[in-house]
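Engineer: Please see the structure below; I have some questions.
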Amino acid sequence: MTDQFLAHTGARVPLICGAMYPCSNAELVGAVVAAGAVGIVQPLSIVFAHRQDLRTSLRTILAQNNGGAVGFNAIVEKSSKLYEDRMRAWIDVALEEGVRFFVTALGNPRWVVDRVHAVGGVVYHDVTERKWAERALEGGVDGLICVNRRAGGHTGVRGIEELYEELAPLGVPLVAAGGIGSPEVFQRTLEMGYQAVQLGTRFIATVECTAHADYKAAILEAVEEDIVLTMRISGVPVSVIRTAYVDRVGTTAGPVVRRLLQHARFKHWVRGWYAARSVWQLGRGATRGGGYNDYWQAGKSVASINAIKAAGQVVGEFEAALSKTSSTLEPA
């Protein structure tokens, strides 16, 4: 049941290390690829959080291919002309370096699809419910990243099973994203019918991730009830670990901002402002200790994460669970 996803990506393991700002550093992505899974390059993280050259980073990561695959994250919302121009240039660099798997989010993916399909590549799109999935498919995408309500960062509104039942009739590969922190949950997710899974929080708590030690420790210590939704990062719900700072500033946007986010003309401007501010806030949170003045993004998978491991070890444990899944799906 994972064959189409593996054919689309070229990976050996149907697992994605999702794009995370600012936690998607080149060392982490490269380690995931080297272990046989899909590592997604997040250009904002590489260029702004880690101040590395995108082309050089891509070449280093691509050189570690060992049955894995390099993907590229393109957030395509039209929040500003400057950002859109930068994203177009970054996608050109990725295509020139040989990346052929792209994950789009937060906008119409058509222009990315046209560029990627022209060179034989594949595009998946982040969705949280059917109406967005249908629009993405109208834009020509090849598969869907199904973000459920247990995800970290920008989260969904449906449960993992509910979302699968809603999207399975669309007939494209579905990747489960949210709440998957252990090989056992991975196994059950594939048995449910998803072709692959996407992990974020589990890969923050790895040796290769450059997130601050306090951030990693908070993931190990957190339980599901510690994950709360805040509107104060980007104007839409974002899952973070509850800290004293989160309690102090609250989790809801002000009434003026809420009104502007519902306005057809002003919502893109407000989201652009939020995006610029979140680049700074999330960057501080991931690289500084304490957690009292910043945000730590995480999903409900924290409940099953109890150790910092090498990224390759995480992939290896999930790959071992894959063989068990395959045996349970064989006909009697």
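As numbered in this note's numbering, the sequence shown has no gaps in its residue numbers, which increase by one up to the final residue, 382.
We put the CB at the ideal spot given by N, CA and C, even for glycine.
#1: If you measure between the beta carbons of A360 and T256, is that distance less than 8 Å?
#2: According to DSSP, is I66 part of a helix, a strand, or is it coil?
#3: Does the region 277-289 come close enough to the region 92-102 to have 3 or more Cβ pairs within less than 8 Å?
#4: Would DSSP call K181 helix, strand or coil?
#5: Distance, Cα to Cα, V91 vs V172?
#6: Could you tell me whether the Cβ atoms of A246 and L65 are closer together than 8 Å?
#7: Which class does G203 belong to by DSSP, given the choice of helix, strand or coil?
#8: Output needed for A370: all residues of its chain with C-beta closer than 6 Å, excluding positions within five of it in sequence on either side, in chain order.
#9: I'd like the span of the alpha helix (DSSP H) that includes S107, first residue to last.
#10: Give the single residue among T106, N115, Q114, A144 whose Cα lies nearest to the Cα of N123.
#11: Between the alpha carbons of V290 and A76, how many angstroms are there, rounded?
#12: Any idea which residues DSSP pairs V235 with across the strands?
#13: Using the three-state DSSP reduction, which class does H167 fall into: helix, strand or coil?
#14: Evaluate L132 with the Cβ neighbour count: other Cβ atoms within 10 Å of its Cβ, from every protein chain shown; 16 or more gives buried, anything less gives exposed.
#15: Are I125 and G80 touching if we call contact CB-CB under 8 Å?
#16: Quick one: measure Cβ to Cβ for Y174 and G193, integer angstroms, because I've assumed they're closer than 8 Å.
#17: Here's a check: name, in chain order, each residue in its chain whose Cβ is nearer than 6 Å to the Cβ of E367, leaving out the five neighbours to either side.
#18: Can you name the residues that DSSP bridges to V288?
#19: Take the Cβ of K128 as the centre, count every other Cβ of all protein chains shown within 10 Å, and call the residue buried at 16 or more, exposed below.
#20: May I ask which residues mark the beginning and end of the beta strand (DSSP E) holding I90?
#21: Could you check the C-alpha separation between G86 and G68 for me, to the nearest Å?
#22: When the Cα atoms are used, what is the spatial distance from R265 to A272?
#23: Taking the alpha-carbon positions, what's the P287 to A119 distance?
#24: Since G231 and S354 should fall inside the 8 Å C-beta cutoff, what is the C-beta to C-beta distance between them, to a whole number of angstroms?
#25: What are the boundary residues of the beta strand (DSSP E) that G193 is part of?
#26: Specify, as a first and last residue, the run of the alpha helix (DSSP H) that L457 falls within.
#27: Let me confirm a value: T59 is counted as buried when at least 16 other C-beta atoms fall within 10 Å, else exposed. Which label applies?
#28: In this structure, does DSSP put L310 in helix, strand or coil?
#29: For F151, which beta-bridge partners are listed by DSSP?
#30: In the DSSP assignment, what residue or residues form a beta bridge with V247?
Structural biologist: So, to answer that:
#1: The residue you call residue 360 lines up with position 310 of the sequence shown. The residue you call residue 256 lines up with position 206 of the sequence shown. Yes. Within cutoff.
#2: Sequence index remark: in the sequence shown, residue 66 carries index 16 (1-based). Strand, per DSSP.
#3: no
#4: The residue you call residue 181 lines up with position 131 of the sequence shown. Helix, per DSSP.
#5: Within the sequence shown, the letter at position 41 stands for residue 91. Within the sequence shown, the letter at position 122 stands for residue 172. Straight-line Cα distance between these residues: approximately 15 Å.
#6: Counting from one through the sequence shown, the residue named residue 246 turns up at place 196. Counting from one through the sequence shown, the residue named residue 65 turns up at place 15. Yes; because the gap between Cβ atoms is below 8 Å, this pair is in contact.
#7: One-based indexing of the sequence shown puts residue 203 at position 153. Residue state, collapsed to three classes: strand.
#8: Counted from its first residue, the sequence shown places residue 370 at position 320. None.
#9: Within the sequence shown, residue 107 is the residue found at index 57, counting from 1. Run containing S107: 104-112, per the alpha helix (DSSP H) assignment.
#10: Numbered from 1 along the sequence shown, position 73 holds the residue referred to as residue 123. For the residues T106, N115, Q114, A144, the minimum Cα distance to N123 belongs to A144.
#11: Reading the sequence shown from its first residue, position 240 is the one you call residue 290. Reading the sequence shown from its first residue, position 26 is the one you call residue 76. Cα to Cα, V290 sits roughly 23 Å from A76.
#12: As a position in the sequence shown, residue 235 is number 185, starting the count at 1. Paired residue(s): none; V235 is not in a bridge.
#13: In the sequence shown, the residue the question calls residue 167 occupies position 117. Three-state DSSP puts H167 in a helix.
#14: Along the sequence shown, one-based indexing puts residue 132 at 82. L132 should be labelled exposed.
#15: Translated into the one-based positions of the sequence shown, residue 125 becomes position 75. Translated into the one-based positions of the sequence shown, residue 80 becomes position 30. Against a cut-off of 8 Å, the Cβ pair of G80 and I125 comes out as no contact.
#16: If you number the sequence shown from 1, residue 174 lands on position 124. If you number the sequence shown from 1, residue 193 lands on position 143. Indeed they touch by this definition, with Cβ atoms about 4 Å apart.
#17: Sequence index remark: in the sequence shown, residue 367 carries index 317 (1-based). The residues are P233.
#18: Numbered from 1 along the sequence shown, position 238 holds the residue referred to as residue 288. V288 is bridged to H204, T280.
#19: Residue numbering aside, residue 128 sits at position 78 when the sequence shown is read from its first letter. It is exposed - the Cβ of K128 has fewer than 16 other Cβ atoms within 10 Å.
#20: Translated into positions along the sequence shown, residue 90 becomes position 40. Its beta strand (DSSP E) spans residues 88-91.
#21: Numbered from its first residue, the sequence shown carries residue 86 at position 36. Numbered from its first residue, the sequence shown carries residue 68 at position 18. Each residue's Cα considered, the two are about 14 Å apart.
#22: Counted from its first residue, the sequence shown places residue 265 at position 215. Counted from its first residue, the sequence shown places residue 272 at position 222. For the sequence presented, residue 265 should be read as Tyr rather than Arg. Approximately 11 Å between the Cα atoms of the pair.
#23: Numbered from its first residue, the sequence shown carries residue 287 at position 237. Numbered from its first residue, the sequence shown carries residue 119 at position 69. Whole-angstrom Cα-Cα distance: 30 Å.
#24: For the purposes of this step, residue 231 is taken as the residue at position 181 of the sequence shown. For the purposes of this step, residue 354 is taken as the residue at position 304 of the sequence shown. Their Cβ separation, rounded to whole angstroms, is 4 Å, which keeps G231 and S354 in contact under 8 Å.
#25: In the sequence shown, residue 193 corresponds to position 143, counting from 1. Residues 193-197.
#26: This structure cannot speak to residue 457, because the chain is shown only from 51 to 382.
#27: Within the sequence shown, the letter at position 9 stands for residue 59. Buried, by the Cβ-count rule.
#28: As a position in the sequence shown, residue 310 is number 260, starting the count at 1. Because the pLDDT at L310 is just 49, under 50, the model does not fix this residue reliably, and the value given afterwards should be weighed accordingly. L310: helix per DSSP, three-state reduction.
#29: Numbered from 1 along the sequence shown, position 101 holds the residue referred to as residue 151. G121, V172, per the DSSP bridge assignment.
#30: Residue 247 sits at position 197 when you count from the first residue of the sequence shown. Note: V247 sits in a beta bridge opposite L65, A226.
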